[in-house]
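Going by the numbering used here, the final residue of the sequence shown carries number 205, and the count climbs one at a time with no gaps.
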Amino acid sequence: MVLLPPVIPRLLDRVQARAQRLARLIAPEADAQIIQPLQQRRDVAGMCVMYKTHRMQLLQLAELRLDPQARPSHSTRAAHNIDHQVTVPFVRTEHYLRSFLPRYGRLWNTLVCQTDLHLTTSLHAFKSGVNAWLQAELTHAIKIMTKHLRIWADSKTAPKAGSYTGTARSTTGPPGRVFRKKEKGE
């Protein structure tokens with residue numbers, strides 16, 4: 020199994036984003052055509068391998084099969100999906116955390132908890148569903164980030180009285196140096 024350093028996928032994503040910007044400059048009327056992110060393509064392909072391994076039980080992929088999760092001793096909200104979840108291997112290093120089994124084991128468990136796509140009978144239906152699910156997850160994450168950035172920007176422009184906590188910038192100290200605000204009794 021080949022492990023790519025995190026720099027290479029990020030570099031490829033930046034190249035793709037630049038190509039997309041150039042395409043928009045050349046043909047602005049084709050703005051509706053959005054290129055699918057490379058990370059999403061990698062995730063769809065990885066989830067298809069997980070589907071083939073766990074649902075179709077292909078012998079060629081048997082070494083990638085993860086053990087099913089142990090049944091909890093008490094009833095849980097996700098009890099109906101526990102049979103389809105997998106045990107994610109414990110990792111000590113960030114390098115192994117990004118490898119296939121831990122990454123797609125976690126993504127598979129999230130998919131099983133949120134959807135019923137893992138129960139589909141055809142690989143094509145599963146692939147289409149995962150693609151839509153990942154696109155919805157990406158859109159949702161972008162909306163949340165935009166909302167938080169907007170809140171952060173509003174709070175920076177108009178600070179509320181009494182909401183100050185943390186560190187303070189000294190007006191008498193060197194520029195850029197941060198001093199901790201003294202509490203009463205210090």
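Cβ coordinates follow ideal geometry from the N, Cα and C atoms, glycine included.
Next item on the list: Within its chain, find whatever has a CB closer than 6 Å to the CB of Leu120; leave out the 5 residues flanking it on each side and keep chain order.
Entry: Here residue 120 refers to the residue found at position 101 when the sequence shown is read from its first residue. Same-chain partners within the cutoff: Pro108.
Margin query: Taking 8 Å as the cut-off, does the stretch 143 to 153 touch the stretch 161 to 176 (at least 3 CB pairs, one atom from each stretch)?
Written below: no
Notebook entry, point to check: If we ignore side chains and look at the alpha-carbon of each, how far apart do Gln39 and Leu30 end up?
Noted result: Taking the sequence shown and counting its residues from 1, one reaches residue 39 at position 20. Taking the sequence shown and counting its residues from 1, one reaches residue 30 at position 11. Gln39 and Leu30: Cα-Cα distance of roughly 14 Å.
Next item on the list: Under 6 Å Cβ to Cβ from Leu83, same chain only, skipping five residues before and after it: list those, please.
Entry: In the sequence shown, counting from the first residue as 1, residue 83 sits at position 64. Cβ within range, chain order: Thr72.
Next item on the list: Could you work out which residue in Arg60, Gly65 and Thr106 is closest to Ser118 when comparing CA atoms only?
Entry: By one-based count along the sequence shown, residue 118 stands at place 99. Closest option to Ser118, Cα to Cα, is Gly65.
Margin query: Buried or exposed, going by whether 16 or more other CB atoms sit within 10 Å of the CB of His114?
Written below: Numbered from its first residue, the sequence shown carries residue 114 at position 95. Burial call: exposed.
Notebook entry, point to check: Do you know how far the Cα of Gln58 is from the Cα of Gln154?
Noted result: In the sequence shown, residue 154 corresponds to position 135, counting from 1. In the sequence shown, residue 58 corresponds to position 39, counting from 1. Gln154 and Gln58: Cα-Cα distance of roughly 11 Å.
Check: Straight-line CA distance for Arg33 to Ile161?
Finding: If you number the sequence shown from 1, residue 33 lands on position 14. If you number the sequence shown from 1, residue 161 lands on position 142. One C-alpha to the other measures close to 17 Å.
Item checked: Status (buried if at least 16 other CB within 10 Å, exposed otherwise) for His159 -> Residue numbering aside, residue 159 sits at position 140 when the sequence shown is read from its first letter. So His159 ends up on the exposed side.
Margin query: Considering only the alpha carbon of each residue, which of Leu78, Leu85 and Leu41 lies closest to Asn128?
Written below: The count along the sequence shown starts at 1 and reaches residue 128 at position 109. Minimum Cα distance to Asn128 is reached at Leu85.
Notebook entry, point to check: So Gly124 and Val105 are in contact, right, with Cβ under 8 Å, and what is the actual spacing, rounded?
Noted result: The residue labelled residue 124 in the question sits at position 105 within the sequence shown. The residue labelled residue 105 in the question sits at position 86 within the sequence shown. Correct: roughly 5 Å between the Cβ atoms.
Check: From Met75 to Leu116, what distance separates their C-alpha atoms?
Finding: Counted from its first residue, the sequence shown places residue 75 at position 56. Counted from its first residue, the sequence shown places residue 116 at position 97. Using only the alpha carbons, I get a separation of about 26 Å.
Checklist line | 8 Å Cβ shell around Trp152 - same chain, five flanking residues per side excluded | finding: Along the sequence shown, read from residue 1 onward, the residue named residue 152 stands at position 133. The residues are Leu130, Gln133, Thr134 and Leu136.
Checklist line | C-alpha distance - Val78 paired with Leu138, whole-angstrom precision | finding: The count along the sequence shown starts at 1 and reaches residue 78 at position 59. The count along the sequence shown starts at 1 and reaches residue 138 at position 119. The sequence given here places Leu at residue 78; Val does not occur at that position. Their backbone Cα atoms lie some 20 Å apart in a straight line.
Notebook entry, point to check: Around the C-beta of Met69, are 16 or more other C-beta atoms found within 10 angstroms, so that it is buried, or is it exposed?
Noted result: Translated into the one-based positions of the sequence shown, residue 69 becomes position 50. Flag for Met69 reads buried.
Check: So, helix, strand or coil for Ser141, using DSSP?
Finding: Mapped onto the sequence shown, residue 141 falls at position 122. In the structure shown, Ser141 sits in coil (DSSP, three-state: anything other than H, G, I, E or B).
Check: Can you name, in chain order, every residue of its own chain whose Cβ lies under 8 Å from the Cβ of Arg37, other than the five neighbours on each side?
Finding: Locating residue 37 in the sequence shown gives position 18, counting from the first residue. No residues qualify anywhere along the chain.
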